[in-house]
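One structure is given here, and the rest of the page talks about it.
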Amino acid sequence: MQDTQTTESPSIPSRSSTSTQDRSSTVGQTLSSAPQPSKPTPIIPPLAKSTGPGSGSGVRRMRRIIAEDAEWSLAIVPLLTELCIQHIVKNFQNNPILKQLLPEHQKKVLNHLSPDLPLAVTANLIDDESYWRRCCTQRWPVCHVDNHGGSWKRMFFELHLENLLKHFIPNTTDPAVILNLLPLCRNYVRAIRVDQFLPPVQLPAPPRGGDQSDSGSEGEMEEPAMDHYQLDNLVAGLSHLEELDLVYGVKDCGMNFEWNLFLFTYRDCHSLAATVKACHTLKIFRLTRSKVDDDKARILIRSLLDHPALEELDLSHNLIGDRGARAAAKLLSHSRLRVLNLANNQVRAPGAHSLAHALGHNSNLISLNLRLNCIEDEGGQALAHALHTNKCLTTLHLGGNELSEPTATLLSQVLTINTTLTSINLSCNHIGLDGGKQLLEGMSDNKTLLEFDLRLSDIAQESEYLIGQALCANREAARQRALNPSHFMSPVTVKGPENPAG
Amino acid sequence: MNPPGSLGVLEEKEEEHLAPPILGPSIHSDNPQERIQARRLRIAARLEARRREALGEYLDGKKESEEDQSKSYKQKEESRLKLAKLLLCGTELVTNIQVAADIREIHRRVEEEEIKRQRLEKLENEVKTSQDKFDEITVKWEEGKQRRIPQELWEMLNAQQVHCAGLIEDKNKLISELQQELKMKDDQYVKDLKKQSDDICLLLERMEEQVKNVMKTFRQELQNIEKAFEVERQELLTSNKKKWERALQAHNAKEILEQQLQQMKATYQLNQEKLEYNFQVLKKRDEESTVIKSQQKRKINRLHDVLNNLRSKYNKQVKQFQEENQSLTSDYKRLVLQFKELQKAMRHFALIDDKRFREIWLMNEEEAKDLINRAFDVDRIISTHHLGLPWMAPDFWFLKNVGPISQQQQKSATQILEEVLMEAEKEGADEDSSESETYLDLPKQVSARTTRKILMLLCDESGFLIESKLLSLLLPLEKNECYLLRLDAVFSALGIENEDDLYKLVNFFLKYQTHHSPSSQEPLDLRAEKERSLVDGKSQEKEPPPSPKLIHPNDVLKILEAFVMSLRKPRDFWVPVKLLKAVRDDSKDSEYWEALTTVIPATTLNLWDALYTALEKYHLVLTQRAELLIENSSLERQNTELQQLLQQYLDTKINSELQVPPTQVFRVPTK
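These protein sequences, in sequence, are chains W and R. Residue numbers are given in UniProt numbering: position 122 of the first sequence equals residue 122, and the series is strictly consecutive. Residue numbers are given in UniProt numbering: position 228 of the second sequence equals residue 228, and the series is strictly consecutive.
Dropping the structure here:
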């Protein structure tokens with residue numbers, strides 16, 4: 001079963017990044033071709049060489065001197081050290097000798113080691129980045145090492161673990177597969193990003209009609225059987241875990257779609273809440289596209305109250321309503337949360353009221369995203385009032401919230417007072433012509449706002465243009481400010497508000 | 001909305017990624033030329049990259065510092081703005097899709113809500129109507145139970161059936177409507193999916209386009225910037241070249257001047273160095289002098305201390321010396337007294353010594369005379385007895401002398417003057433007698449008259465040496481006496497004390513005359529006179545000497561001065577002479593005694609010697625004869641003795657007892 005799943009796996013990244021495929025593949029080739037010239041032909045017979053160097057080696061035999069190869073030697077009989085190294089490399093799996101060697105010999109050995117060695121041997125023994133780089137590039141065609149803190153080893157283990165989790169089927173796959181990996185990867189994994197949790201397989205696939213699958217009531221009845229993999233053991237074992245990015249859903253289900261494939265059960269929710277509560281190093285917690293409703297959100301958020309490290313909470317694309325929003329507001333005042341994302345939920349005016357209340361006294365939150373909710377003017381006004389007192393928030397996304405002129409009026413007042421906000425998004429609202437004018441007035445007194453998105457919000461083109469001009473001036477001023485105190489700070493300060501928006 | 005900083009990085013990365021595939025020739029190629037070419041290209045690319053990097057860094061640095069509107073800066077700023085705008089627009093373009101999707105979603109939601117509401121309303125209406133209908137039907141069922149007539153019942157049942165069918169139809173209609181709706185929804189879902197995929201495709205397309213666009217524009221802008229820089233560089237180069245040319249022309253024209261300037265500079269340098277050196281030296285000296293100054297100050301202080309000490313010491317010593325002086329004066333007084341006593345004693349002793357000397361002298365003389373008399377006796381005996389010559393007793397002056405030779409006392413100048421003057425007085429009466437007397441005193445060549453003349457002259461000319469009081473006293477006196485006193489005063493002033501000095505003075509006058517007169521008209525007369533004097537000898541003296549005329553009165557003072565000057569030197573030693581006046585002259589004594597020893601002349605001595613040797617020889621012959629006589633007599637006596645002994649031996653018996661008697665032995669040689 002696992003084999004069939006793994007056959008799918010290469011197609012997943014390839015589909016997700018078809019656009020960048022050709023470019024990244026060239027990059028991958030250049031990257032993968034880089035270590036190949038350093039592989040000495042006289043010492044090791046080509047283990048995993050592609051066709052390119054294979055043809056090159058034929059050429060090499062004809063040449064007397066190969067200037068590109070740093071290890072090329074004129075000596076016909078290889079040195080004893082070379083032979084020893086060769087032997088060590090050959091028997092590394094049974095007898096790993098590395099730390100006892102001299103640094104240059106270590107380097108040679110590492111250069112010649114096969115990436116296919118079992119992790120049990122290599123995981124805690126080899127720290128060399130170039131080896132793990134080879135492992136990564138061999139396994140995955142696209143490697144964004146920047147997403148893993150610039151460490152190839154971390155990337156390897158994170159991706160490996162992610163892969164295992166993605167294809168773990170409860171009650172079918174042996175949990176030992178993951179738990180055996182735990183001692184090997186516990187020091188290196190800092191982030192778990194899983195966008196798929198497979199449900200347990202029902203062996204006697206019920207040949208019932210499609211009407212059953214349509215209704216959500218069916219899923220609730222079978223809920224106990226639909227629990228996903230419980231992360232608690234794994235997360236408890238990872239000592240440096242900082243990021244947890246989960247999506248309870250199935251990708252590429254195709255025509256086998258069933259609603260209960262996308263169930264985030266209460267048991268899942270409770271277990272996840274306990275897991276998150278136990279993990280004191282967690283900084284970022286994302287649970288998106290998982291049908292989290294008010295109750296589940298409350299369960300989760302309750303467990304997150306007074307969490308020592310949590311900085312970012314992302315519950316976007318769920319079904320959270322006002323009660324969930326109230327819980328989130330409570331979390332704001334009981335944690336050090338810096339980023340809160342509730343985009344595409346069902347928060348309405350009461351939820352926005354409670355959030356605004358929390359925001360008025362908060363001094364941690366930097367970014368608040370309420371895109372695609374329905375807080376309407378009432379909530380918008382409440383938030384605007386809260387911004388009168390708040391001195392911390394820099395990014396506010398209120399796109400698609402049915403806001404109109406009254407909110408704009410209040411926001412324009414906020415703009416004249418507030419000096420921390422750098423980015424506001426009011427796109428897809430009904431601000432109207434007068435609201436646009438008022439916002440323009442407010443904008444004329446503001447010197448800090450860098451981004452103000454007013455697309456498709458029914459304001460006059462003239463005011464939009466003028467606001468754009470003001471923003472340009474502000475941006476130029478910010479650039480000058482960033483240049484003068486320290487030249488290298490500029491990308492960070494400007495980049496800051498970028499992340500939560502995207 | 002990417003920041004410009006990150007874009008730069010991105011763009012650089014792009015370039016790096018794109019660079020390798022451009023390489024035409026491969027380093028794995030078979031052709032060595034191609035390989036070399038490839039390596040060259042690679043090196044060039046690396047250099048280019050490095051250069052660009054350096055340039056970029058340079059630009060970054062420049063951006064901050066250089067605010068003046070250079071062309072490149074303008075271009076850069078322009079590009080930056082353009083790119084920022086491009087990025088902004090591009091991001092907006094990309095995000096537009098999202099925003100559009102959002103608004104569509106919102107609209108959908110609104111519509112959905114509306115439809116939902118309508119549907120609910122409709123359903124409620126439907127429920128109501130169907131409920132009504134159902135109620136109606138159920139009521140009719142009740143009615144039907146009361147019906148007894150089958151036709152009626154049937155009718156009613158039919159009607160019920162129709163009603164039920166209508167109800168069911170209504171429901172079915174509703175269901176079909178809903179199903180229709182569902183189908184439509186499904187269709188819409190599919191459409192939405194399609195739309196979404198289209199959107200995503202569009203998004204991707206736009207993103208890609210954006211990336212391409214951005215890359216293109218970045219490259220273009222980079223090229224523009226580089227071009228601008230190139231142009232600026234070219235301009236700079238040309239302007240610099242022009243400047244250079246101008247400078248070179250000026251240089252050619254000014255070469256000579258420059259050379260001069262160079263020389264001047266060199267000299268200036270030299271001077272500067274010298275001055276610097278001097279300055280350094282002066283500084284050093286200044287330092288030294290400050291050091292010395294401080295030292296001197298210290299020394300001054302020290303010396304002040306010493307001075308104070310010395311002053312106190314000096315005062316002490318002054319006191320001491322005063323005391324000493326007092327004591328010494330007292331000593332001196334004492335000593336003077338002692339000395340006077342000593343002088344007294346000395347005079348006393350001198351008298352005694354004279355007396356004793358005289359006694360001793362007399363004794364010795366007596367003894368010597370006895371000896372001389374004996375010698376004369378011996379000589380008389382020798383000459384008369386042995387040689388048979390008549391002997392004459394020799395007559396010597398010293399034989400008559402009895403007592404120590406007493407010389408005449410030296411006369412003082414005044415005495416001589418007296419004499420001279422007296423002589424001059426007597427002159428007229430008897431010249432010869434006086435002359436013979438005075439000649440003993442005066443030097444032979446100077447006559448008394450000359451002397452007198454000179455002295456008179458001296459007396460007249462050097463009146464200033466005489467005290468005025470004396471002159472007044474002298475007035476009533478006689479002419480001679482007056483002269484005498486005046487001369488006496490003059491001599492005392494000149495320091496002339498005795499005879500010798502006087503003669504010296506006279507001689508000096510005469511010598512001066514001889515030496516200095518040739519310059520005047522008189523020398524001829526002088527010389528003539530001298531010649532005459534030489535010829536005539538003594539007679540010349542008698543003639544009146546021309547000396548008074550010879551010496552001009554004006555010269556007298558000069559002569560006197562010269563004389564005094566010459567006299568002064570030896571005079572210093574003469575100071576003690578006065579005290580030793582009493583010392584007698586013993587020069588004649590030795591002569592006297594010597595003369596006494598040579599009473600017997602050398603010839604007689606020689607005669608005596610010869611006589612002595614002859615007598616000696618004679619005595620020797622006589623003694624030899626006497627010795628020989630004695631020897632002869634002794635030999636004769638021995639001979640007799642020996643003859644006696646021989647006789648004795650021959651007569652003894654032993655001779656006969658011997659085998660060979662000596663007699664026989666004696667005989668053998670006799671045989």
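Every residue gets a Cβ at the ideal spot worked out from N, C-alpha and C, and that includes glycine.
Residue i burial status per 10 Å Cβ neighbour count (16 or more: buried)
i: E366 (chain R); result: exposed
i: E53 (chain R); result: exposed
i: E112 (chain R); result: exposed
i: E221 (chain R); result: buried
i: P32 (chain R); result: exposed
i: S330 (chain R); result: exposed
i: A165 (chain R); result: exposed
i: A470 (chain W); result: buried
i: D525 (chain R); result: Here D525 (chain R) scores only 43 on pLDDT, less than 50, and its place in the model should not be relied on; the value that follows carries that caveat. Exposed, since its Cβ has fewer than 16 Cβ neighbours within 10 Å.
i: F279 (chain R); result: exposed
Rounded separation between residue i and residue j - CA only
i: L47 (chain W); j: R154 (chain W); result: Confidence at L47 (chain W) is low in this model, with a pLDDT of 39, below 50, so its placement is unreliable and the value that follows should be read with caution. If you take the alpha carbons of L47 (chain W) and R154 (chain W), they lie about 25 angstroms apart.
i: I352 (chain R); j: D589 (chain R); result: 19 angstroms
i: Q106 (chain W); j: L98 (chain W); result: 6 angstroms
i: N125 (chain R); j: T419 (chain W); result: 55 angstroms
i: V177 (chain W); j: E242 (chain W); result: 22 angstroms
i: D432 (chain R); j: N480 (chain R); result: Low confidence applies to D432 (chain R): its pLDDT is 41, below 50, so where it sits in the model is not reliable, and the reading given next is rough at best. Their backbone Cα atoms lie some 21 angstroms apart in a straight line.
i: R104 (chain R); j: V110 (chain R); result: 10 angstroms
i: K191 (chain R); j: S176 (chain R); result: 22 angstroms
i: L119 (chain W); j: L41 (chain R); result: 42 angstroms
i: I360 (chain R); j: Q343 (chain R); result: 24 angstroms
i: G324 (chain W); j: D295 (chain W); result: 7 angstroms
i: T281 (chain W); j: I301 (chain W); result: 17 angstroms
i: D127 (chain W); j: Y188 (chain W); result: 10 angstroms
i: L628 (chain R); j: L650 (chain R); result: 33 angstroms
i: I97 (chain R); j: N224 (chain R); result: 32 angstroms
i: A393 (chain R); j: L487 (chain R); result: 53 angstroms
i: T217 (chain R); j: A84 (chain R); result: 11 angstroms
i: Q93 (chain W); j: P200 (chain W); result: 36 angstroms
i: I654 (chain R); j: E641 (chain R); result: 21 angstroms
i: K447 (chain W); j: G237 (chain W); result: 49 angstroms
i: L287 (chain W); j: R193 (chain W); result: 10 angstroms
i: Q659 (chain R); j: V621 (chain R); result: 55 angstroms
i: P544 (chain R); j: D379 (chain R); result: With a pLDDT of only 41 at P544 (chain R), under 50, the local geometry of the prediction cannot be trusted, and no value is derived from it.
i: A358 (chain W); j: T395 (chain W); result: 16 angstroms
Chain-order list of residues whose beta-carbon lies under 8 angstroms from that of residue i (same chain, five-residue window excluded)
i: F396 (chain R); result: A595 and V599
i: Q381 (chain W); result: P406, T407 and L410
i: G400 (chain W); result: R371, L372, N373, S427, C428 and N429
Where residue i meets chain R, residues with beta-carbon distance less than 8 angstroms
i: L372 (chain W); result: D102, E105 and I106
i: C428 (chain W); result: V99, D102, I103 and I106
i: G400 (chain W); result: D102, I103, E105 and I106
Neighbourhood of residue i by C-beta, 7 angstroms cutoff - its chain only, sequence neighbours within 5 removed
i: S70 (chain R); result: E232
Close Cβ partners of residue i (< 6 angstroms) along its chain, the five nearest in sequence each way excluded
i: A123 (chain W); result: L184
i: P115 (chain W); result: R134, C135 and Q138
i: T384 (chain R); result: W391
i: I372 (chain R); result: V599
i: L159 (chain W); result: none
Per-residue contacts from residue i into chain W (C-beta, under 8 angstroms)
i: N96 (chain R); result: R455
Can you check the segment 302-355 of chain W for any alpha helix (DSSP H) of at least 4 residues that lies completely inside it and give the ranges in chain order?
322-333
Which full runs of the beta strand (DSSP E) of 3+ residues lie inside the segment 374-449 of chain W, going along the chain?
395-397 and 423-425
In chain order, which continuous runs of the alpha helix (DSSP H) of length 4 or greater are located wholly inside the segment 110-161 of chain W?
119-122 and 129-139
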